[in-house]
Amino acid sequence: MHFPHIEHHGARDGVTGSCHQLHMDAASSLLVDCGLFQGNETSADGRSGAGHPAIEFSLATVKALVVTHVHIDHVGRIPYLLAAGFKGPILCSEPSARLLPIVLEDAFKLGFSRDQKDVERYIKLVEQRLLPLPYKQWFTLVETDTLVARIRLQRAGHILGSAYVEIDLTYPATGDNKRVVFSGDLGAPHAPLLMPPEPPERADILVLESTYGDRLHEDRASRRQRLEAVIERALQDQGSVLIPAFSIGRTQELLYELEEIIHTKLTSPALTPVGASSLANSPHTAQPLLPPRERAGERGTNPAQNTGPTEMPPAENHSPGQAITNWPELPIILDSPLASRFTEAYRSLQPYWNQEARERVEAGRNPLAFDNLIKIDSHTDHIAVMNHLTQTARPAIVIAGNGMCSGGRIVNYLKAMLHDSRHDVLFVGYQAQGTPGHAIQQYGPRGGYVDLDGERFDIRAKVTSIGGYSAHADQKGLVEFVTGMQEWPREIRIVHGEREAKRILAAQLHEQYKQHNGLPAAITTGGAEDMADQDVFHA
Numbered sequence: 001m002h003f004p005h006i007e008h009h010g011a012r013d014g015v016t017g018s019c020h021q022l023h024m025d026a027a028s029s030l031l032v033d034c035g036l037f038q039g040n041e042t043s044a045d046g047r048s049g050a051g052h053p054a055i056e057f058s059l060a061t062v063k064a065l066v067v068t069h070v071h072i073d074h075v076g077r078i079p080y081l082l083a084a085g086f087k088g089p090i091l092c093s094e095p096s097a098r099l100l101p102i103v104l105e106d107a108f109k110l111g112f113s114r115d116q117k118d119v120e121r122y123i124k125l126v127e128q129r130l131l132p133l134p135y136k137q138w139f140t141l142v143e144t145d146t147l148v149a150r151i152r153l154q155r156a157g158h159i160l161g162s163a164y165v166e167i168d169l170t171y172p173a174t175g176d177n178k179r180v181v182f183s184g185d186l187g188a189p190h191a192p193l194l195m196p197p198e199p200p201e202r203a204d205i206l207v208l209e210s211t212y213g214d215r216l217h218e219d220r221a222s223r224r225q226r227l228e229a230v231i232e233r234a235l236q237d238q239g240s241v242l243i244p245a246f247s248i249g250r251t252q253e254l255l256y257e258l259e260e261i262i263h264t265k266l267t268s269p270a271l272t273p274v275g276a277s278s279l280a281n282s283p284h285t286a287q288p289l290l291p292p293r294e295r296a297g298e299r300g301t302n303p304a305q306n307t308g309p310t311e312m313p314p315a316e317n318h319s320p321g322q323a324i325t326n327w328p329e330l331p332i333i334l335d336s337p338l339a340s341r342f343t344e345a346y347r348s349l350q351p352y353w354n355q356e357a358r359e360r361v362e363a364g365r366n367p368l369a370f371d372n373l374i375k376i377d378s379h380t381d382h383i384a385v386m387n388h389l390t391q392t393a394r395p396a397i398v399i400a401g402n403g404m405c406s407g408g409r410i411v412n413y414l415k416a417m418l419h420d421s422r423h424d425v426l427f428v429g430y431q432a433q434g435t436p437g438h439a440i441q442q443y444g445p446r447g448g449y450v451d452l453d454g455e456r457f458d459i460r461a462k463v464t465s466i467g468g469y470s471a472h473a474d475q476k477g478l479v480e481f482v483t484g485m486q487e488w489p490r491e492i493r494i495v496h497g498e499r500e501a502k503r504i505l506a507a508q509l510h511e512q513y514k515q516h517n518g519l520p521a522a523i524t525t526g527g528a529e530d531m532a533d534q535d536v537f538h539a
């Protein structure tokens, strides 16, 4: 076997289940991510998938696991990795070290045990394995007579704590040096809260994601206007906006943008942004969804501490098209205990926020805990709020997990509201094939149906997608990650994308290489050198 050599145990033919093994020499290898598969996606050999997440490859040479970020499709198989006997350290950024135990606690409960003692033992084990690394600093992973391997994390701009991984390999016996870079998931520029990614200086081999390698995103101003316009339409229809969102990253980004819209309405009520209607500034006549003391705080599970939503006065009746609320009073309902935990963790990690976000805090604003925000914790309160919204003409924005509608509280909202044309389902993230979210996105505009928990539901609610809210870089961002290097890679392996997205991105990179003095490069979309069906571009 020639070294370095890369095996892809996930995200080779799709976007979930990320897991890549870098064989540095015969005795040492490194795992980059170990994520769950979602939808219909499986490992390259078909042995692992959403219904069978066990580790099916040898761990004999694996020295460490490095985590690029804490999304479940990048870390969800870690419990199975530990169960398979992995005993090495888990390397990640300092913010990810704070967030990862929360993610893995949830994954452990779903896949192994809900017994609290088992959960606590498992989380303690994970925390003992964690080795947080500061950004931009080299860490020596292996140092022998035959191999020196160093690793460095750089900001990826995808979610808080996300990183791309630089691995510097030196072989003393021959003097050879190779720089291998794993992009992880790269973020879009100007993302709320996050500092943008900067390309590495160089790479000999680049493993590059391609989630949106076939498209360009809207700019931030346009997507915020579209978000506002969708919400305005729901206000006019006296409906709710349901936003399926990942608990970490997307939820916090949405809260940040919604706070900005509301702040603008409060400070400049005479200004109506493009795409907005006069409804945003109309008089408020409906009763609050929750008592004022519940706003900007989390509802607990102790009945003695809460007045249930069912005790609220019902919303007043209004004729169709009549405005019943205004932006400063519009409830923003975060109905996800896990997302609430992540949001609190985000707030504690303000030193890692970008300058714009920190300046807002310094100005007295709280982008992740504003007055309109209502956090729902207990299942009882979840059901009560959902029933209230379905039985009244009370507009609201509901953010709930999970992001692909394959589980979580968003499923209950969809079951209760998809049949009602007053409501909107707003997708702000990627929907993998085989997931209910993908079905709603694809068939909703045609008046189709979706299967949820084995039951068919007709889709009469409006369905909208806003691509600009993706936490992934678009084609332009991915290409610039390569062309921004001082020394371009001679080999690029395109992973983490649908086949067409990978093919189009490869073609774009091929053109860039042709224009760059004809620099030779192998650009592969099959993921592995020995795969017969891979597409290879020799620039």
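Position one of the sequence shown corresponds to residue 1 (the UniProt record's numbering), numbered consecutively onward. Positions of the beta carbon are idealized from the N, C-alpha and C atoms, including for glycine.
Hey, how far is the Cα of residue i from the Cα of residue j?
i, j, result
"Ser18", "Asn372", "37 Å"
"Asn177", "Tyr171", "6 Å"
"Ser268", "Asp381", "34 Å"
"Gly526", "Ile504", "13 Å"
"Ser29", "Val207", "16 Å"
"Ile159", "Ile248", "8 Å"
"Ser378", "Gly364", "30 Å"
"Phe182", "Ile78", "19 Å"
"Pro4", "Ile167", "11 Å"
"Ala524", "His23", "For clarity, residue 524 is Thr in the given sequence; the question names Ala instead. Rounded to the nearest angstrom, the two C-alpha atoms are 18 Å apart."
"Ala54", "Thr435", "21 Å"
"Arg155", "Gly88", "24 Å"
"Gly454", "Phe112", "23 Å"
"Glu294", "Asn354", "Any reading at Glu294 must be qualified, since the residue scores a pLDDT of 43, below 50, and its modelled position is unreliable; no value is offered."
"Cys405", "Gly175", "51 Å"
"Leu59", "His20", "12 Å"
"Phe108", "Tyr513", "45 Å"
"Glu260", "Val75", "31 Å"
"Tyr122", "Leu81", "12 Å"
"Val148", "Ser162", "25 Å"
"Ile466", "Glu218", "8 Å"
"Lys117", "Leu216", "47 Å"
"Ile231", "Leu254", "13 Å"
"residue 567", "Gln236", "No answer is possible for residue 567: it lies beyond the span of the chain, which begins at 1 and ends at 539."
Can you tell me the Cβ-Cβ gap for residue i and residue j, rounded? I've got them flagged as a contact below 8 Å.
i, j, result
"Pro331", "Ala396", "4 Å"
"Ile399", "Ala245", "5 Å"
"Gly401", "Ser336", "5 Å"
"Gly14", "Glu41", "4 Å"
"Leu133", "Ser93", "6 Å"
"Tyr469", "Gly497", "That belief does not hold up - the Cβ atoms of Tyr469 and Gly497 are roughly 18 Å apart, past 8 Å."
"His419", "Asp458", "6 Å"
"residue 578", "Gly157", "Absent from the structure is residue 578, since the part of the chain shown begins at 1 and ends at 539."
Which partner residues of residue i appear in the DSSP bridge assignment?
i, result
"Arg155", "Ala163"
"Phe427", "Ser465"
"Gly10", "Cys19"
"Ala400", "Pro244"
"Lys63", "According to DSSP, which records beta bridges pairwise, Lys63 is partnered with nothing at all."
"Ser93", "Leu133"
"Gly419", "According to the sequence as given, residue 419 is His; it is not Gly. For His419, which the question treats as bridged, DSSP gives no partner whatsoever."
"Tyr171", "Asp176"
"Val207", "Phe182 and Arg493"
"Arg233", "Paired residues: none, contrary to the question."
"Leu368", "In the DSSP output, where bridge partners are listed per residue, Leu368 has none listed."
For the alpha helix (DSSP H) holding residue i, just list the boundary residues, first then last.
i, result
"Asn387", "His379 to Gln391"
"Asp219", "Counting along the chain, Asp219 falls outside any alpha helix (DSSP H), and DSSP gives it neither H nor E."
"Ser348", "Pro337 to Ser348"
"Thr140", "Per DSSP, Thr140 belongs to no alpha helix (DSSP H); it is in the beta strand (DSSP E), Phe139 to Glu143."
"Leu258", "Arg250 to Thr267"
"Ile376", "Here Ile376 belongs to no alpha helix (DSSP H), and DSSP marks it neither H nor E."
"Ile78", "Ile78 to Ala83"
"Leu478", "Gln475 to Thr483"
"Leu505", "Arg499 to Gln515"
Tell me the residue span of the beta strand (DSSP E) that contains residue i.
i, result
"Asp458", "Glu455 to Asp458"
"Leu31", "Ser28 to Val32"
"Phe182", "Asp176 to Phe182"
"Asp451", "Tyr449 to Leu452"
"Val70", "Unbroken run through Val70: none, as it is neither H nor E."
Does the beta-carbon of residue i, which I'm using as the reference point, lie nearer than 7 Å to any heavy atom of the ligand FAD?
i, result
"Leu65", "In terms of ligand content, the structure shown is empty, and the ligand FAD therefore cannot be addressed."
Would you call the segment 102 to 121 and the segment 133 to 150 in contact, with 3 or more CB pairs under 8 Å? no
If we count Cβ pairs, one from each stretch, closer than 8 Å, do we get three or more for the segment 57 to 76 versus the segment 18 to 37? yes
Touching or not, the segment 346 to 363 and the segment 88 to 100, by the rule of three or more beta carbon pairs under 8 Å? Yes: the two stretches touch, three or more of their Cβ pairs being nearer than 8 Å.
With three or more beta-carbon pairs closer than 8 Å as the criterion, would you say the segment 443 to 450 touches the segment 188 to 206? no
Check whether the segment 468 to 478 touches the segment 499 to 517, taking contact to mean three or more Cβ pairs, one atom from each stretch, closer than 8 Å. yes
Is the segment 416 to 430 touching the segment 230 to 249, taking contact as three or more C-beta pairs under 8 Å? yes
Counting pairs of Cβ atoms below 8 Å between the segment 224 to 238 and the segment 514 to 522, do you hit three or more? no
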